[in-house]
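Enquirer: Residue numbers (the working numbering): -10 to 221.
For each residue, glycine too, the CB sits at the ideal point set by N, CA and C.
Nothing here was measured: the structure is a model prediction, and the numbers come from that model.
The structure that follows is given in the form of structure tokens.
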Amino acid sequence: KRWGVDFHSRIFYGNNPFLRVLDDHAGLSTPGTVVLGPNLGFVGPARPFTRSESSLTLRYLLGPHSQLKFGADYFREDQRTELLLDYDTRIFRVEYEKQFARNKSLSAVYSLQLFRISAAETTVRTHSALFTYSHEFRPGTRLTLFAGPQFSLVRAFTVTELDFLLFRLQVGLRLREPKISVAGGGLFSQRISDRTWMELSVSRRVSDGSGFLPTVVQNSARLGLRRQWTKR
């Protein structure tokens, strides 16, 4: 009774570049929880791609009002026209949740994200912390607020060409660049019936600029309707 396992997997095809910076991973979570995916800010021209996602979460009840979660996620995106943009992401996370009243709970999530483009020799290592406060006003109506910082370290290897009078020389450069961002927002969940509920979430992310790039601000919103067909 103390242990529980959740597993989700999906695959989809699209050509919308903004899918890479939205909270697609939040759609894999259980109602009332918030999970932020990688916020890398990579938006390119529209190209067809196929993306696969898998998520595994192990839950352990520490007591009647607290639980500990360990999770692992894997994302992979395959470009159909530009193989250089193929990437994969691995995420490891730990979450502690404590219910300190009948209708109130607090949780803290730490996650380590490893983003890699093997063909371009680019990796991004991201450490993020997320703190949430959840309040259930009445059975089936819940509001969750979340906020937290994120630190990313970008490592890349680029090749540039230097032109001289009689010849051209290729020079390889290794880049190492840190980035800091903060995220915050909320999620509102309303149960419509015993097996149907609605969710509305909004988030705001602010990342510091790097080089000639200004500060990046990203706002997003999501509206979802969930239906449980049977008890299982």
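Could you tell me which residues DSSP puts in a beta bridge with W218?
Expert: W218 is not bridged to any residue.
Enquirer: Roughly how many angstroms lie between the CA atoms of Y122 and T133, to the nearest whole one?
Expert: One C-alpha to the other measures close to 6 Å.
Enquirer: Whole-angstrom Cβ separation of S96 and E84, contact assumed at under 8 Å?
Expert: With a Cβ gap of about 6 Å, S96 and E84 count as contacting.
Enquirer: In this structure, does DSSP put D183 in helix, strand or coil?
Expert: Correct three-state label for D183: coil.
Enquirer: What does a CB cutoff of less than 7 Å around S41 pick up in its chain, not counting 5 residues either side in sequence?
Expert: Contacts found: I0, R65.
Enquirer: To which residues of the same chain is Q88 closer than 6 Å at the C-beta, ignoring the five residues directly before and after it?
Expert: Excluding residues within five positions, the ones whose Cβ falls inside 6 Å are H54, S94.
Enquirer: Can you tell me whether R221 is buried or exposed? The criterion is at least 16 other CB atoms within 10 Å of its CB, across all chains shown.
Expert: It is exposed - the Cβ of R221 has fewer than 16 other Cβ atoms within 10 Å.
Enquirer: For S190, which residues in the same chain have their Cβ closer than 6 Å to its Cβ, ignoring the five residues on either side in sequence?
Expert: Hits under 6 Å: L176, R211.
Enquirer: With DSSP as the reference, label G213 as helix, strand or coil.
Expert: Looking at G213 - three-state DSSP - the assignment turns out to be strand.
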